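Colleague:
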Amino acid sequence: MASIIEFAWTYLITHFSDFHLACFGSFILHESVFFLSGLPFIFSERAGWLSKYKIQTKNNTPAAQWKCIIRLVLYHLCVNLPVMVLSYPVFNYMGMRSSLPLPSWKVVSTQILFYFILEDFIFYWGHRILHTKWLYKHVHSVHHEYATPFGLTSEYAHPAEILFLGFATIVGPAITGPHLITLWLWMVLRVLETVEAHCGYHFPLSLSNFLPLYGGAEFHDYHHRLLYTKSGNYSSTFVYMDWIFGTDKGYRKLKALKSIGGDEVEDVLKET
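Residues 17 to 288 in the numbering used here are what the sequence shown spells out, letter by letter.
#1: Can you check the region 84-168 for any beta strand (DSSP E) of at least 3 residues that lies completely inside it and give the ranges in chain order?
#2: Rounding to the nearest angstrom, what Cα-Cα distance links Ile44 and Trp259 in this structure?
#3: Quick one: give me the first and last residue of the alpha helix (DSSP H) that Leu270 is part of.
#4: Taking DSSP as the reference, what is the three-state secondary structure of Phe57?
#5: Unbroken alpha helix (DSSP H) runs of length 4 or more, entirely within the region 190-223: which are they?
#6: Quick one: residues in its chain with C-beta nearer than 8 angstroms to the C-beta of Ile29, no 5 flanking neighbours on either side, listed in chain order?
#7: Using only alpha-carbon positions, find the residue among Trp202, His239, Trp200 and Gly193 that is nearest to Tyr109.
#8: Alpha carbon to alpha carbon, how far is Ser251 from Glu177? Give it in angstroms, no decimals.
#9: Bridge partners for Tyr27 per DSSP, in chain order?
#10: Looking only at its chain, what residues have a beta carbon closer than 8 angstroms to the beta carbon of Leu229, apart from the 5 residues adjacent to it on each side?
#11: Check whether the region 222-242 touches the region 162-171, counting contact only when three or more Cβ pairs, one atom from each stretch, lie closer than 8 angstroms.
#12: Please report the straight-line C-alpha distance between Thr126 and Trp202, rounded to a whole angstrom.
#13: Phe254 by DSSP, collapsed to three states: which one?
#14: Does the separation of the CB atoms of Tyr131 and Gly188 fall below 7 angstroms?
#15: State the DSSP-derived secondary structure class of Tyr230, mapped to helix, strand or coil.
#16: Apart from the five residues just before and just after Thr185, which ones in its own chain have a Cβ nearer than 7 angstroms to its Cβ?
#17: Using the Cβ count rule (16 or more neighbours within 10 Å means buried), how would you classify Cys215?
#18: Apart from the five residues on each side of it in sequence, which residues of its chain come closer than 6 angstroms, Cβ to Cβ, to Lys271?
#19: For Lys74, which three-state DSSP category applies?
#20: Tell me whether the beta-carbon of Gly248 lies closer than 7 angstroms to the beta-carbon of Asp237.
In structure tokens, the structure reads:
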């Protein structure tokens, strides 16, 4: 397996420059993973597949789904891609490389774990700030246009928010100057995590059923259902920051009372 990866990587670095791989290669990889992982949830919602696993019974209209897709393509081309190009000198200065040998799995896994922890910490505080009255009204309310999220809504946001919270994703790699393959793997895992958190479904094999500190779709779906002053659940990946600062009390109360039935649970949501 390692030899196959090295062979493929040798082809890439032989035929493309570091700049093209880091900027345009990263963009193509991001778009591929994001849309290939997010689009199936749109088809599932329209067709009514897997409805027993859907967290909310409400569905988005096709018009709302198309609005999300069109704006995402615009945001990605006009915000994400320029940021990748403009941030390249910083990553290059901090030591990012694409040459062989490839880093060991120990180095890769250690760096990615660090990125997840750091990103979650920064995202939590940035997200809480975005839920203050003025910033919510003028910036973060765009992301909350979808009270019933689906996978692609994970990156549907005001351009200012894309830059603001995007900092949490790139600060770890910017600090450590990783190998490009580590940066790509981090990007893939982060995209898959945020798409899953917004997918609107809670499956038997969802990671939150097995990893105690992992939030997942149920955790974040609660955040989208409530008004900005009452939402809580601000973390991106894990749950411990919300637990430490008490911003998940409503969610934990709902989980504790969920067995009492639909009507009572909705009352709890309104009161939380």
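We treat Cβ as the ideally placed atom computed from N, Cα and C, and that holds for glycine. Since we're looking at a predicted model, the values are computed, not measured.
Modeller: In short:
#1: none
#2: As a position in the sequence shown, residue 44 is number 28, starting the count at 1. As a position in the sequence shown, residue 259 is number 243, starting the count at 1. If I take the Cα positions, the gap works out to 37 angstroms.
#3: Within the sequence shown, residue 270 is the residue found at index 254, counting from 1. First-last of the alpha helix (DSSP H) with Leu270: Lys265 to Leu273.
#4: On the sequence shown, residue 57 is found 41 positions in, with the first residue counted as 1. Reduced to three states, the DSSP call for Phe57 is helix.
#5: 196-213
#6: Indexing the sequence shown from 1 puts residue 29 at position 13. So the qualifying residues of the chain are Leu37, Ser114, Ser115 and Leu116.
#7: For the purposes of this step, residue 109 is taken as the residue at position 93 of the sequence shown. The shortest C-alpha separation from Tyr109 is found at Gly193.
#8: Within the sequence shown, numbered from 1, the residue matching residue 177 stands at position 161. Within the sequence shown, numbered from 1, the residue matching residue 251 stands at position 235. Their Cα atoms are separated by approximately 15 angstroms.
#9: For the purposes of this step, residue 27 is identified with residue 11 of the sequence shown, where counting begins at 1. None, per the DSSP bridge assignment.
#10: Residue mapping note: residue 229 aligns to position 213 of the sequence shown, counting from 1. If we look at Leu229 and ignore the five residues flanking it on each side, its Cβ neighbours are Phe254, Val255 and Tyr256.
#11: yes
#12: Translated into the one-based positions of the sequence shown, residue 126 becomes position 110. Translated into the one-based positions of the sequence shown, residue 202 becomes position 186. Looking at the two C-alpha atoms, the distance is approximately 11 angstroms.
#13: Working through the sequence shown from its first residue, we reach residue 254 at position 238. Strand at Phe254.
#14: In the sequence shown, counting from the first residue as 1, residue 131 sits at position 115. In the sequence shown, counting from the first residue as 1, residue 188 sits at position 172. Going by C-beta atoms, Tyr131 is nearer than 7 angstroms to Gly188.
#15: The residue given as residue 230 occupies position 214 in the sequence shown. Looking at Tyr230 - three-state DSSP - the assignment turns out to be strand.
#16: Reading the sequence shown from its first residue, position 169 is the one you call residue 185. Result list for Thr185: Glu135 and Arg206, in chain order.
#17: Here residue 215 corresponds to residue number 199 of the sequence shown, with the count starting at 1. Cys215 should be labelled buried.
#18: Your numbering for residue 271 matches position 255 in the sequence shown. So the list is empty, once near-sequence residues are dropped.
#19: As a first step, residue 74 must be located in the sequence shown, where it is residue number 58. Lys74 falls in the coil class under three-state DSSP.
#20: The residue you call residue 248 lines up with position 232 of the sequence shown. The residue you call residue 237 lines up with position 221 of the sequence shown. Going by C-beta atoms, Gly248 is not nearer than 7 angstroms to Asp237.
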